[in-house]
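Under the working numbering, think of the first position of the sequence shown as 256, with each following residue one higher. Glycine included, C-beta positions come from ideal geometry on N, C-alpha and C. A quick note: this is a predicted structure, and the numbers were derived from the prediction, not measured. See below for the structure under consideration.
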Amino acid sequence: MKKKILVTNPKSENIIIDLDDTDSPKTCASLLKSLPFSVTVHVWGEEIYTDESPITQPEENAKDLVNLNDVAYWPSGKAICLFFGPTPIGKKGEIKPYSPVNVIGRITNPDKTI
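In structure tokens, the structure reads:
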């Protein structure tokens, strides 16, 4: 299943996400059931992450490293993470979340944010 989601941001450009349940189908389903919801966002390196979301899902094919423009759910913090580039704990050339994340899609308009 693939779906597009529009993330509205009153302080910046909107973000378009292509959800893809290939790696984390239960997490994607939980996200879709929770929509719409509002959260506060924070920046950590070149990652945007949210305060706790209404999603409750354990690790599901969780990844220690992600790709540029991946969108993931962080089970430890119940947060949504958008990876626009390196994080403070990654080695040069890698994007490393704080702890494993469930990848649920990709940002399709990465030049519009951060």
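Next item on the list: Grab the span of the alpha helix (DSSP H) containing Thr-311 for me, first residue to last.
Entry: Segment: none, Thr-311 is in no alpha helix (DSSP H) and carries neither H nor E.
* **Whole-number beta carbon distance between Ala-334 and Thr-295, since they are thought to touch under 8 Å** => Between Thr-295 and Ala-334 the beta-carbon gap is near 10 Å, outside 8 Å, which marks them as no contact.
**Request:** Use the C-beta contact count for Val-358: other C-beta atoms within 10 angstroms, 16 or more gives buried, fewer gives exposed.
**Result:** buried
### Message
On the DSSP bridge list, what partners appear for Tyr-328?
### Response
Ile-335, Asn-357
Relative to the C-alpha of Leu-286, which residue among Glu-268, Pro-313, His-297 is closest?
Relative to the Cα of Leu-286, the nearest Cα in the group Glu-268, Pro-313, His-297 belongs to Pro-313.
### Message
From the DSSP secondary-structure annotation, give me the bridge partner or partners of Lys-347.
### Response
The partner list for Lys-347 (beta bridge, DSSP) is empty, contrary to what the question assumes.
query: Whose CA, out of Glu-302, Lys-266, Asn-322, Gly-332, lies closest to the CA of Gly-348?
result: Closest option to Gly-348, Cα to Cα, is Asn-322.
Name the DSSP bridge partner or partners of Val-294?
Partner(s): none; Val-294 has no beta bridge.
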